[in-house]
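The block underneath contains the structure these notes are about, expressed in structure tokens.
2 protein chains.
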Amino acid sequence: MGSPPPPSQSLIVKLESIAPVSDEERQAIVALPMTVRDIREDHDIVRDQDRPSQCCLVIEGLACRYKVLPGGKRQIFSFHIPGDIPDLQSLHLDVMDHNLGTLVPCRIGFIPHETARQFIRAHPRIGDIFWRDTLIDAGVFREWITNIARRDSYQRVAHLLCELYVRLRAAGLANGRTYAMPITQAELADATGMSTVHVNRSLQKLRGDGLIRSGKRSVTIEDWDGLQAAGEFDPTYLHLRPQALAA
Amino acid sequence: MGSPPPPSQSLIVKLESIAPVSDEERQAIVALPMTVRDIREDHDIVRDQDRPSQCCLVIEGLACRYKVLPGGKRQIFSFHIPGDIPDLQSLHLDVMDHNLGTLVPCRIGFIPHETARQFIRAHPRIGDIFWRDTLIDAGVFREWITNIARRDSYQRVAHLLCELYVRLRAAGLANGRTYAMPITQAELADATGMSTVHVNRSLQKLRGDGLIRSGKRSVTIEDWDGLQAAGEFDPTYLHLRPQALAA
DNA sequence: GTCACGCCCTAACCTATGTGTATCTTGGCC
DNA sequence: GGCCAAGATACACATAGGTTAGGGCGTGAC
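If you're matching them up, the sequences are chains A and B in order. In this note's numbering, each residue's number is its place in the first sequence (first place is 1) plus 48. In this note's numbering, each residue's number is its place in the second sequence (first place is 1) plus 48.
Spelled out as structure tokens, the structure:
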């Protein structure tokens with residue numbers, strides 16, 4: 049019933065998950081002009097060395113940031129769900145130091161930098177929330193450093209599954225304890241610094257231990273406490289507001 | 049000759065290394081009120097779970113951000129040299145998700161959040177540089193993820209030594225190809241996700257290969273090109289201005 | 001002066017994890 | 001109907017890097 053939600057709806061949900069947003073600010077966000085485009089699967093939106101002139105809002109789908117090393121190895125730094133603006137940093141850093149690509153077909157909103165800058169000037173509180181968002185990003189990177197450097201493969205995968213769950217839930221995109229996870233095991237390997245075979249092993253062990261069930265392109269958490277314990281997961285670093293955390 | 053540099057001198061050098069700063073802005077920074085305190089070695093300045101009401105400027109010494117895992121393992125996320133404001137994030141993230149501690153005796157300037165916020169409001173361009181600085185921080189974290197996940201121990205240590213060199217040089221704190229590095233091998237291990245023994249092995253190999261010489265609490269780079277190649281080091285991710293990069 | 005401790009270094013051992021290869025299933029899509 | 005990508009499983013093998021243990025040396029404390 050009613051018209052479809054505006055493309056910025058997911059952005060509002062996202063911002064509200066990390067800071068309060070006033071009615072007036074909400075309206076301003078809805079009015080934020082952007083160009084919406086559908087991008088096919090496994091396609092780069094922005095590339096290493098690019099000098100973007102716009103920011104990307106993930107409206108639908110799943111994207112990731114990654115880098116390819118001289119030897120051809122790939123490292124994924126983050127997954128981005130609807131509501132995220134993965135390259136917000138390009139507002140202040142001219143040159144990209146990594147790639148942003150899709151993992152599945154995505155709907156992306158493009159916001160010119162000039163528009164974004166005017167918007168932030170007109171709504172400094174939202175500017176602060178944007179800054180906050182990039183700081184949370186950094187917090188997630190720190191947690192990934194810890195995850196990769198100090199936890200074994202089983203813990204690593206458990207931790208990543210916890211993070212995805214909490215973030216999707218905060219975005220209103222989890223269905224109970226189940227969420228869509230259209231990420232291949234090879235991609236999980238690129239994110240956790242493991243091999244696909246080892247990701248496979250770890251997932252099987254998580255299943256065997258009754259912590260998760262994983263269907264086709266989705267995950268169901270069978271034992272939330274157990275999974276958190278297995279991954280030493282503590283969501284503090286996501287800096288979500290209590291209501292978004294509980295969801 | 050002349051009076052000693054104001055405590056904010058290092059901050060000015062730092063900001064100028066990542067963005068242009070006008071004379072007027074420079075004067076405003078010098079006038080920025082802060083409380084200077086000397087902190088002893090191996091002491092926490094801010095702790096995990098704290099809700100700081102001020103930001104810390106490293107004026108002298110060396111600090112690091114780190115987290116301690118349930119099992120007692122420690123992960124260091126970053127090293128901070130004079131001019132850095134390691135907990136700038138606390139301006140927008142209430143609760144600390146990691147610790148900030150000294151590695152050697154430090155001189156630290158404390159700037160109340162309220163002061164910093166007023167300052168940013170009065171000098172929005174410097175506010176943008178601060179934001180930019182936190183974004184560079186995130187870029188460094190991404191590079192560390194890559195380093196730890198995808199490079200072997202030898203490369204990892206080489207990369208870290210390169211990063212420290214370039215940053216210290218941009219801050220005017222390198223002496224030719226030599227720089228002070230009062231970091232123990234155990235701390236290097238905590239930063240690179242390795243064991244002390246393995247850090248030791250890697251340093252020895254770097255020395256054996258004629259890439260570095262390491263004296264007491266200092267490092268001399270014998271073969272800069274070789275060290276960069278060994279660590280696959282590309283300074284793009286530090287987003288330094290050309291003049292700071294060349295230094 | 002000497003004692004103790006932190007830091008550095010070394011060596012032997014061992015395990016977690018990656019590599020390579022192979023086979024088999026399943027489901028989606030042309 | 002058939003192809004292809006993703007996943008599951010299962011070996012054999014290689015090895016980076018962790019663990020444990022012990023020794024030496026410089027330096028600051030007393």
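Where is the CB? At the ideal position from N, CA and C, for every residue including glycine.
Exercise. Looking at the unbroken alpha helix (DSSP H) that takes in G183 of chain A, where does it start and where does it end?
Worked result: Working through the first sequence from its first residue, we reach residue 183 of chain A at position 135. Note on identity: in this sequence residue 183 of chain A is Leu, with Gly being the wrong assignment. From DSSP, the alpha helix (DSSP H) with L183 of chain A extends over 172–198.
Exercise. Would a C-beta distance cut-off of 8 Å place L105 of chain B and G175 of chain B closer than the cut-off?
Worked result: On the second sequence, position 57 is the one that residue 105 of chain B refers to. On the second sequence, position 127 is the one that residue 175 of chain B refers to. Against a cut-off of 8 Å, the Cβ pair of G175 of chain B and L105 of chain B comes out as no contact.
Problem set entry | the region 229–243 of chain B touching the region 270–280 of chain B, judged by at least three CB pairs closer than 8 Å | no
For this session: Put Q97 of chain B into one of helix, strand or coil per three-state DSSP.
Result: Working through the second sequence from its first residue, we reach residue 97 of chain B at position 49. Q97 of chain B falls in the coil class under three-state DSSP.
Problem set entry | Residue interval of the beta strand (DSSP E) (run including R88 of chain A) | As a first step, residue 88 of chain A must be located in the first sequence, where it is residue number 40. Neither: R88 of chain A is in no beta strand (DSSP E) and is coded neither H nor E.
Exercise. So, is the C-beta of D145 of chain B closer than 8 Å to a C-beta in chain A?
Worked result: As a working note, residue 145 of chain B is residue 97 in the second sequence. Yes, D145 of chain B lies at the interface with chain A (some Cβ there is under 8 Å from its Cβ).
Exercise. How would you call A294 of chain B, buried or exposed, if buried means at least 16 neighbouring beta carbons within 10 angstroms?
Worked result: Along the second sequence, one-based indexing puts residue 294 of chain B at 246. Classification for A294 of chain B: exposed.
Exercise. Looking at C-alpha atoms only, which residue of B:R165, B:Q57, B:L254, B:V116 is the closest neighbour of H207 of chain B?
Worked result: Residue numbering aside, residue 207 of chain B sits at position 159 when the second sequence is read from its first letter. That would be B:L254, whose Cα lies nearest to the Cα of H207 of chain B.
Exercise. Contact check, S354 of chain A vs G131 of chain A under 8 Å by CB: the rounded distance?
Worked result: The first residue shown for chain A is 49 and the last is 295, placing residue 354 of chain A beyond what the model contains.
Problem set entry | Members of the region 52–81 of chain B that neighbour chain A once the beta carbon cut-off is set at 8 Å | none
For this session: Could you tell me the boundaries of the beta strand (DSSP E) in which P160 of chain B lies?
Result: Within the second sequence, residue 160 of chain B is the residue found at index 112, counting from 1. Note, P160 of chain B: beta strand (DSSP E), 154–160.
Exercise. Roughly how many whole angstroms lie between the Cα atoms of V78 of chain B and A218 of chain A?
Worked result: Walking along the second sequence from the start, residue 78 of chain B turns up at place 30. Walking along the first sequence from the start, residue 218 of chain A turns up at place 170. One C-alpha to the other measures close to 43 Å.
Problem set entry | First and last residue of the uninterrupted alpha helix (DSSP H) at L105 of chain B | For this step, residue 105 of chain B is matched to residue 57 along the second sequence. Segment 102–108 is the beta strand (DSSP E) holding L105 of chain B; no alpha helix (DSSP H) there.
For this session: Can you grab the Cα-Cα spacing for the pair G241 of chain A / L183 of chain B, in whole Å?
Result: The residue labelled residue 241 of chain A in the question sits at position 193 within the first sequence. The residue labelled residue 183 of chain B in the question sits at position 135 within the second sequence. Their backbone Cα atoms lie some 23 Å apart in a straight line.
Problem set entry | the region 103–122 of chain A touching the region 133–142 of chain A, judged by at least three CB pairs closer than 8 Å | yes
Problem set entry | Selected residue, minimal CA-CA separation from I177 of chain B, among A:E270, A:D185, A:H140, A:Y227 | In the second sequence, counting from the first residue as 1, residue 177 of chain B sits at position 129. Considering only alpha carbons, the answer is A:H140.
For this session: Pull up the distance between the alpha-carbon of H171 of chain A and that of T284 of chain A, whole angstroms please.
Result: For the purposes of this step, residue 171 of chain A is identified with residue 123 of the first sequence, where counting begins at 1. For the purposes of this step, residue 284 of chain A is identified with residue 236 of the first sequence, where counting begins at 1. If I take the Cα positions, the gap works out to 27 Å.
For this session: Using 10 angstroms around the beta-carbon of S56 of chain A, count the other beta-carbons present and answer buried if the total reaches 16, otherwise exposed.
Result: Counted from its first residue, the first sequence places residue 56 of chain A at position 8. With 16 or more other Cβ atoms within 10 Å, it is buried.
Exercise. What residues from the region 116–137 of chain A come within 7 Å of chain B, judged by C-beta to C-beta, listed N to C?
Worked result: L117, P118, K121, Q123, F125, Q137
Problem set entry | Of the residues B:A222, B:T226, B:S243, the one placed nearest F263 of chain B, counting alpha carbons only | Within the second sequence, the letter at position 215 stands for residue 263 of chain B. First, the amino acid is wrong: residue 263 of chain B is Gly here, not Phe. Nearest C-alpha to G263 of chain B: B:T226.
Exercise. So which residues of chain B does D185 of chain A contact, with C-beta pairs closer than 7 Å?
Worked result: One-based indexing of the first sequence puts residue 185 of chain A at position 137. Here the neighbours are A186.
Exercise. For T150 of chain B, does the count of other Cβ atoms within 10 angstroms reach 16, so buried, or fall short, so exposed?
Worked result: Within the second sequence, numbered from 1, the residue matching residue 150 of chain B stands at position 102. Buried, because 16 or more other Cβ atoms sit within 10 Å of the Cβ of T150 of chain B.
Problem set entry | Beta-carbon neighbours of I193 of chain B, restricted to chain A and to distances below 7 Å | Walking along the second sequence from the start, residue 193 of chain B turns up at place 145. Simply Q123, F125, F189, W192, I193, I196.
Problem set entry | Inter-residue spacing [alpha-carbon to alpha-carbon] between S201 of chain A and T83 of chain A | As a first step, residue 201 of chain A is located in the first sequence; it is residue number 153 there, counting from the start. As a first step, residue 83 of chain A is located in the first sequence; it is residue number 35 there, counting from the start. When rounded, the distance between both Cα atoms is 41 Å.
Exercise. What is the rounded straight-line gap between the Cα of D192 of chain B and the Cα of Q166 of chain A?
Worked result: For this step, residue 192 of chain B is matched to residue 144 along the second sequence. For this step, residue 166 of chain A is matched to residue 118 along the first sequence. In the sequence as displayed, the identity of residue 192 of chain B is Trp instead of Asp. About 33 Å.
Problem set entry | Amino acids of chain B, ordered along the chain, whose beta-carbon sits closer than 8 Å to that of T182 of chain A | For the purposes of this step, residue 182 of chain A is identified with residue 134 of the first sequence, where counting begins at 1. Near T182 of chain A (Cβ distances below 8 Å), the residues of chain B are W179, T182, L183, A186.
Exercise. Among the residues of its own chain, which have a CB less than 8 Å from the CB of D98 of chain A, if the five just before and after it don't count?
Worked result: If you number the first sequence from 1, residue 98 of chain A lands on position 50. So the qualifying residues of the chain are V143, M144.
For this session: Scan the region 225–251 of chain A for residues whose Cβ lies nearer than 7 Å to a Cβ of chain B and list them as they occur along the chain.
Result: G241
Exercise. Of all the residues that make up the region 274–287 of chain B, which are near chain A by a beta-carbon distance shorter than 8 Å?
Worked result: E280, T284, Y285, H287
Exercise. So with Cβ pairs under 8 Å, would you call D98 of chain B a contact of chain A?
Worked result: Locating residue 98 of chain B in the second sequence gives position 50, where the first residue counts as 1. No, because no Cβ of chain A sits closer than 8 Å to the Cβ of D98 of chain B.
Exercise. Apart from the five residues just before and just after F189 of chain B, which ones in its own chain have a Cβ nearer than 8 Å to its Cβ?
Worked result: By 1-based counting over the second sequence, the position of residue 189 of chain B is 141. Once the five neighbours on either side are set aside, the close Cβ partners of F189 of chain B are F125, S126.
Problem set entry | Min CB distance L259 of chain B to chain A below 8 Å | The count along the second sequence starts at 1 and reaches residue 259 of chain B at position 211. By this cut-off, L259 of chain B is not an interface position.
Problem set entry | Strand pairing of K115 of chain A, partner residues [DSSP] | Here the question's residue 115 of chain A lines up with position 67 in the first sequence. In the DSSP output, where bridge partners are listed per residue, K115 of chain A has A:Q123.
Exercise. So what does Y227 of chain B bridge to, in DSSP terms?
Worked result: For the purposes of this step, residue 227 of chain B is taken as residue 179 along the second sequence, with counting starting at 1. Bridge partners of Y227 of chain B: B:V267.
For this session: Report the three-state DSSP secondary structure of T244 of chain B (helix, strand or coil).
Result: Residue numbering aside, residue 244 of chain B sits at position 196 when the second sequence is read from its first letter. It is helical.
For this session: Decide if G109 of chain B is buried, meaning its Cβ has at least 16 other Cβ atoms within 10 Å, or exposed.
Result: For the purposes of this step, residue 109 of chain B is taken as the residue at position 61 of the second sequence. That one is buried.
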